[in-house]
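What follows is one structure encoded as structure tokens, with my remarks underneath.
There are 4 protein chains.
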Amino acid sequence: MSDTARTIRVTVWNENVHEQREEAVRARYPEGIHGAVAAGIEENLKGQVEVRTATLEQPEHGLTEEVLADTDVLTWWGHAAHDKVADEVVERVQRHVLGGMGLVVLHSGHFSKIFRTLMGTTCSLRWRSEHDRELVWTLKPHHPVAEGVPSPIVIPEQEMYGEVFDIPDPDELVFVSSFSGGEVFRSGCSFHRGNGRIFYFSPGDQAYPVYHHPDVRRVIANAVRWVVPAESTRDLPRLQNCPTGWFENADASKARA
Amino acid sequence: MSDTARTIRVTVWNENVHEQREEAVRARYPEGIHGAVAAGIEENLKGQVEVRTATLEQPEHGLTEEVLADTDVLTWWGHAAHDKVADEVVERVQRHVLGGMGLVVLHSGHFSKIFRTLMGTTCSLRWRSEHDRELVWTLKPHHPVAEGVPSPIVIPEQEMYGEVFDIPDPDELVFVSSFSGGEVFRSGCSFHRGNGRIFYFSPGDQAYPVYHHPDVRRVIANAVRWVVPAESTRDLPRLQNCPTGWFENADASKARA
Amino acid sequence: MSDTARTIRVTVWNENVHEQREEAVRARYPEGIHGAVAAGIEENLKGQVEVRTATLEQPEHGLTEEVLADTDVLTWWGHAAHDKVADEVVERVQRHVLGGMGLVVLHSGHFSKIFRTLMGTTCSLRWRSEHDRELVWTLKPHHPVAEGVPSPIVIPEQEMYGEVFDIPDPDELVFVSSFSGGEVFRSGCSFHRGNGRIFYFSPGDQAYPVYHHPDVRRVIANAVRWVVPAESTRDLPRLQNCPTGWFENADASKARA
Amino acid sequence: MSDTARTIRVTVWNENVHEQREEAVRARYPEGIHGAVAAGIEENLKGQVEVRTATLEQPEHGLTEEVLADTDVLTWWGHAAHDKVADEVVERVQRHVLGGMGLVVLHSGHFSKIFRTLMGTTCSLRWRSEHDRELVWTLKPHHPVAEGVPSPIVIPEQEMYGEVFDIPDPDELVFVSSFSGGEVFRSGCSFHRGNGRIFYFSPGDQAYPVYHHPDVRRVIANAVRWVVPAESTRDLPRLQNCPTGWFENADASKARA
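Residue numbers (our numbering), protein chains in the order written: chain G, 2 to 258; chain L, 2 to 258; chain W, 2 to 258; chain Z, 2 to 258.
Shown next, in the form of structure tokens:
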């Protein structure tokens, strides 16, 4: 934040399972969902980002300590293979988020191990895949994540996600969606955990071409920019034993930055 | 809440380790920390509660499915043996909390597996055990958890807990403490997770007689009453597939209660 | 709260203008909107409440110091004559709310002087009176205000209220509505101000028979019960000059209750 | 935010009464409190700001429609003459804040008409002017307003402000202070109202040289930067009548930006 000129290092993660199993998904997302998400970020943040992708089938799911240490913002898409993600990778990602790495969780990622671990709740919801029209309404028009998109964003066909969405109260509720079937959903939510920022954005599905929608791509790019950490290195909160008067020592009380 | 006449079934959990290892702790808490906590709840909620205790060394730590199903409110104290608590018991407690069981987390319980699991963060803090005086200030004088206690509560000797306390923003910040060394701490915090309520209250330590302090006992009893679930049976949030128009069927839209 | 057996003294306020001007409204609400609201509270809280009504045309709008001092919960409905409410009555009501009196603000009361004064914002919104169907979704199924009603509550015909609703973030977001036209609205919101609780609930309009809907009546009654103050007398927050060590004097540190 | 290169136009407002009445204050703040606050902002945001000052005794208190329309961020200091501020100027400032202008409220400004109007509460607190040492603790180390300052900030002598501070729950609680007398205070709080951001920061007083403290000056400058609106023109939330399907018209659904 303090150094706005810094290039944002983004890692777009995708389980990449539907694309391999289902021809229709492959046709819809020829570069994979990760390819579409990455392209949307790049086109909206031209010259401000370096985007790489990582997928489930790679060693350590492509999320080694080195990759995460070199990542400012991780985006997460998963659906069919949440339980295939290794617990130690989940713990590693959690540690990086709490240490400052930004995290953007997309759609069915609500049920990923990493999101459930960070939320502490079931993250369950109502759903239906019946070509509902989704309208994404902005509740905070001047929030940076809502910049440049209409309210509502009109998504002609999409999976329905409905309340109750079992999450802790978000720190900010930026978007609420309605569906043609009548349901509502908190579709854009921010959370702070440790020194990291998290944004959950629900539009997007393997069965609909939502990640080609220019407004959806803009929101994801906005979210990436919004969760960028203040510092490029990790700062994990930790237990500290502090003798009486420790802060009266000038060296001990130096500013974080 | 709806049935205020219902007896509150409380299970007071304690790792019960310091009491067995250290004579000074045994002298301070002859009935164990769990004994002191249970006595404080009983004296403040006479006729409204049934209190049992459970400890680490019991089979399944005394927290079987049957015990939890029969518990409205669980209180948690642990310190030296957090890592001895079995993961499956932690998952079971989490499931009961998300399903509605109230949870009161005490002092060093901030580092318990169950609290960290429900918060999703490190729950780390600053600390010092040097006989600081703690003053517990009420920020919400009409909150039920603050009923009947002075502001500040004066605790002559106590371990210092200081910020940064790495938790999600609490839903309500009821108490903030200062210490004679100058530090501050969010000492009384409420959280809603799933259908359950959680209250964290920091005063209380094995090395000081804080659980004999009448105001501390009153707050713990108030917290027990405040986290009581609306229903005596568990209601875990769950994924629901909902066909279009499901709610127009009268039977499908029946009220929760 | 501490004394659940206490009778709740409710004052139902209504500007009572549409009922006098428009025959259709009089036919819909023969006892006035205040009559319908009062009846709904009485039928749901039988034996727990004493309900009186007050209207704009009465001296001091029926809200004298004596009436307010004798009121635990005030409900507010206004629409056509917000600017006819005297500023000194608004200030008096505000003082009572900050001192602990509960306030339930209904529908077009979003634009009342008292609600805008307590919120500090414009409280503006989108609207349309075109017989939309409203669906009121519960986000917090175990919240006392949602007790006993289905999710969604189906209101066959109602005025549309849509986001952006210009209010401070509510302390709790209990209900979100969708409308057949596609809009969404935060229709059930709680706020704490001073020592008082406020609940805003949007369903209900002079042009539709919404206050005869049993679920709407149930929610209003639940809200009345939820905003009841902890104490029957007012406790307005006030400036206090405190000499060093004031709280070490036992008398000075007596508990609130 | 979107245009980080834009110069921030700051208006520093001060009632400027103590400085004229009391020689000691004049000696402490030879350029007035507004002069010290302005200098602190300029030294920390060199090249990023244009700072002007305005005071009570000027026509319309120096806060004409033209000045406010040309202001991105207004800072407010008042104490002895809150009731001398004209109601119409307060309403004008409120309108500009809700339309997007940032507001930084300092110390005794907690009791200003504008802050009370925006909060809706009494904004009362405990106080004592007896040379307490204040320690300002950061609760959110990566919040932009906490950038570059130690935790705690040590203020050798300061007026004591203590809880209960009667404000709505802040959107973010960035700083909590303790005082040598033992009290605690929420000394750094953010609020969103309408399309505007507000930051309240309590350190600073006419009777102590706190506005010469480099860390206090840094926080005020950080707060100024943090409340800068997304847009340079005002966007007051307003009532909108929306016919069914209005958003399906492409022109009607254009993005805010």
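All C-beta atoms in this analysis are idealised placements derived from N, C-alpha and C, irrespective of residue type, glycine included.
Under the three-state DSSP convention, the category residue i falls into
| i | result |
| --- | --- |
| L/Q207 | coil |
| G/G163 | strand |
| W/G103 | strand |
| G/G110 | helix |
| Z/T118 | helix |
| L/A55 | strand |
| L/I154 | strand |
| G/R7 | coil |
| G/I199 | strand |
| G/G149 | coil |
| G/N1 | With chain G covering only 2 through 258, there is no way to say anything about residue 1 of chain G. |
| L/F17 | Here residue 17 of chain L turns out to be Asn, not Phe, going by the sequence shown. Looking at L/N17 - three-state DSSP - the assignment turns out to be coil, as it is neither helix nor strand. |
| G/D84 | helix |
| W/L237 | coil |
Proximity below 7 angstroms, CB of residue i to CB of residue j
| i | j | result |
| --- | --- | --- |
| W/T1 | Z/P238 | One cannot answer for residue 1 of chain W here, as it falls past the ends of chain W, which runs 2 to 258. |
| Z/L174 | Z/L140 | yes |
| W/K114 | W/H83 | yes |
| L/W78 | L/G110 | yes |
| G/G121 | L/G121 | yes |
| G/P171 | G/F186 | no |
| W/Q241 | W/H19 | no |
| L/V211 | L/I156 | yes |
| W/G195 | Z/D236 | no |
| Z/F176 | Z/G189 | yes |
| G/V229 | G/I9 | yes |
| Z/G33 | Z/N17 | yes |
| G/Q131 | L/T245 | Looking at the sequence itself, residue 131 of chain G is Glu, so the reference to Gln does not match. A contact, by the Cβ cut-off of 7 angstroms. |
For residue j and residue i, the rounded distance between their alpha carbons
| i | j | result |
| --- | --- | --- |
| W/T12 | W/D73 | 8 angstroms |
| Z/R219 | Z/A81 | 26 angstroms |
| G/P145 | G/V50 | 17 angstroms |
| L/E160 | L/D133 | 6 angstroms |
| L/S179 | Z/S178 | 9 angstroms |
| W/L126 | Z/V38 | 38 angstroms |
| G/L64 | G/G103 | 14 angstroms |
| Z/L75 | Z/A231 | 15 angstroms |
| W/S203 | G/G183 | 18 angstroms |
| Z/S152 | G/S181 | 51 angstroms |
| G/K85 | W/V165 | 41 angstroms |
| Z/A70 | Z/E135 | 37 angstroms |
| W/G48 | Z/L57 | 56 angstroms |
| L/Y30 | L/E24 | 10 angstroms |
| G/P169 | G/Q59 | 32 angstroms |
| G/R7 | G/T234 | 13 angstroms |
| G/E249 | Z/G101 | 40 angstroms |
Beta-carbon proximity list for residue i, same chain, < 8 angstroms, skipping 5 on both sides
| i | result |
| --- | --- |
| L/A28 | none |
| L/I42 | V11, V13, V50, V52, T76, R218, I221, A222 and V225 |
| Z/W128 | E160, M161, Y162 and G163 |
| Z/V90 | E61, H62 and L64 |
| W/C243 | none |
| G/Q21 | R27 |
| G/H214 | I154, I156 and P204 |
| W/G36 | Y30 and T54 |
Close-in-space but distant-in-sequence residues of the same chain around residue i (CB under 7 angstroms, 5 per side omitted)
| i | result |
| --- | --- |
| G/A55 | T12, W14, H62, G63, L64 and V68 |
Spatial neighbours of residue i in its chain, beta-carbon cut-off 6 angstroms, leaving aside the 5 residues before and after
| i | result |
| --- | --- |
| G/V94 | I115 |
| W/V106 | W77, F116 and Y201 |
| G/I199 | L104 and F192 |
| G/D216 | V150 and I154 |
query = Any contact of the stretch 222-238 of chain Z with the stretch 146-154 of chain W, i.e. 3+ C-beta pairs under 8 angstroms?
reply = no
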